[in-house]
Structure formats: C-alpha cells, structure tokens
Amino acid sequence: MPNRTTPARRRHRALRRLAELAAAQGIVLELAWCHGAVITLVHGTVAPAPRRTRVVKASSRAMALVDQVTAEQRLPADWLKEDVNFYVTHSGLGGRGGSDVFGPHVILSVSDPEPLLAMKLHACQASSPAAVDLSDLRFLVSKMGVVSLDEVECVYRRFFPRQTMNGEVRRLVAAQCPTAI
Numbered sequence: 089m090p091n092r093t094t095p096a097r098r099r100h101r102a103l104r105r106l107a108e109l110a111a112a113q114g115i116v117l118e119l120a121w122c123h124g125a126v127i128t129l130v131h132g133t134v135a136p137a138p139r140r141t142r143v144v145k146a147s148s149r150a151m152a153l154v155d156q157v158t159a160e161q162r163l164p165a166d167w168l169k170e171d172v173n174f175y176v177t178h179s180g181l182g183g184r185g186g187s188d189v190f191g192p193h194v195i196l197s198v199s200d201p202e203p204l205l206a207m208k209l210h211a212c213q214a215s216s217p218a219a220v221d222l223s224d225l226r227f228l229v230s231k232m233g234v235v236s237l238d239e240v241e242c243v244y245r246r247f248f249p250r251q252t253m254n255g256e257v258r259r260l261v262a263a264q265c266p267t268a269i
C-alpha cells in the first residue's frame with residue numbers, strides 16, 4: 089500500500105490551521121487514535137477558568153473546520169484520517185499529546201475504545217448526531233465486540249454515572265449497531 093500521507097510540513101501547517109479555527113470558535117478538538125482509526129471529539133468549554141468543565145459536542149462542528157482546512161490548503165478529502173493516523177503511529181504518543189505542537193485547541197491522543205464510546209454517546213444525547221458520530225459509534229461497538237444494549241449502557245454509566253442514556257440514543261445504538269440489541 090503506497091504512503092498517501094501529506095508531507096510533514098503540510099501536515100503540521102494543516103493541523104496548526106485547524107487549531108486556529110477551533111480556537112476562534114472556542115472549542116477543543118481531540119483527535120483520538122483507537123485501533124488504527126481516528127475518532128474526532130469536540131469539547132466545548134463551559135464556565136470560566138479555573139473551574140472549567142468540558143462538555144462533549146457533536147462532531148459536525150469539527151468536520152466543518154476540517155472541510156475548511158481541506159479547501160484552503162487543497163488537501164485530499166481524507167487527509168485528517170490518513171495524516172493523524174500516520175502522525176500518531178510514528179510519533180510515539182503514549183496518551184495525550186500534540187498540544188505542545190498544535191496548541192491547546194487540537195489534542196492528539198491514543199485512547200481506549202470505552203471512554204471514546206461513552207463520550208460519543210454523551211454527544212449524541214446533547215444534539216443530533218453527525219454522520220461521523222454514527223460512523224464512530226459503529227466502529228467502536230464493532231472493535232469492542234459489544235453484543236447487547238446492556239453492555240453499551242454499562243460502558244456509558246461507568247464514565248457518566250449520574251446519567252442514563254435516553255430513549256433516542258438507545259434507538260440510535262440499536263439502529264447503528266445491530267449487534268448491540
């Protein structure tokens with residue numbers, strides 16, 4: 089398979105531009121590498137520092153910024169997926185990183201699927217899920233080998249113990265993840 093990644097200088101410029109756009113919108117993009125895939129999470133800041141709380145939002149905001157960078161810099165449509173995958177696998181990131189290079193508005197992380205699934209479910213409860221969120225849900229459920237809705241709810245409760253998945257999200261999981269019924 090040929091190397092389809094963007095050259096390092098263009099990749100860094102694109103991620104820095106993505107960070108600038110995220111900063112202008114007051115959001116933090118977490119590009120989480122999980123089982124060979126890049127999962128995009130959007131965190132919005134609620135309340136001023138030092139009592140800052142991050143809430144997870146639908147990824148449609150992130151995808152709009154990615155599309156803007158793609159157009160501005162004439163990058164391939166899949167640059168984010170390919171380039172972040174390449175960057176993370178070759179950088180030796182052991183957890184969270186990238187903020188020293190790209191600033192606090194783009195975080196690169198290597199994550200386990202359980203917290204990513206919980207955060208995606210939480211984002212879906214807050215707003216209509218973006219197509220990328222649905223795709224990420226399918227991917228995460230598949231990688232985790234989830235076979236029941238109860239298992240999905242158990243993962244969600246572990247990370248959001250005071251909340252329950254609403255009926256709409258339960259239907260969404262059943263529709264998007266037929267193995268988790």
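Numbering-wise (our numbering), the sequence shown opens with residue 89 and increments by one. Each residue gets a CB set at the ideal place from its N, CA and C atoms; glycine is no exception.
For G124, which three-state DSSP category applies? coil
For G132, the three-state DSSP class (helix, strand or coil): strand
In angstroms, rounded to a whole number, what distance separates the CA positions of D200 and K208? 13 Å
Through-space distance from V130 to P164, alpha-carbon basis: 22 Å
Nearest by alpha-carbon distance to E202: which of F248, S148, T158 and V220 is it? F248
I need the straight-line Cα distance from C242 to A206, nearest angstrom please. 9 Å
According to DSSP, is S197 helix, strand or coil? strand
Tell me the residue span of the alpha helix (DSSP H) that contains R99. A96 to Q113
Since F227 is in the alpha helix (DSSP H), which residue starts that stretch and which ends it? A219 to M232
H210 versus R98, D171, Y244 and G233, residue with shortest Cα-Cα distance: Y244
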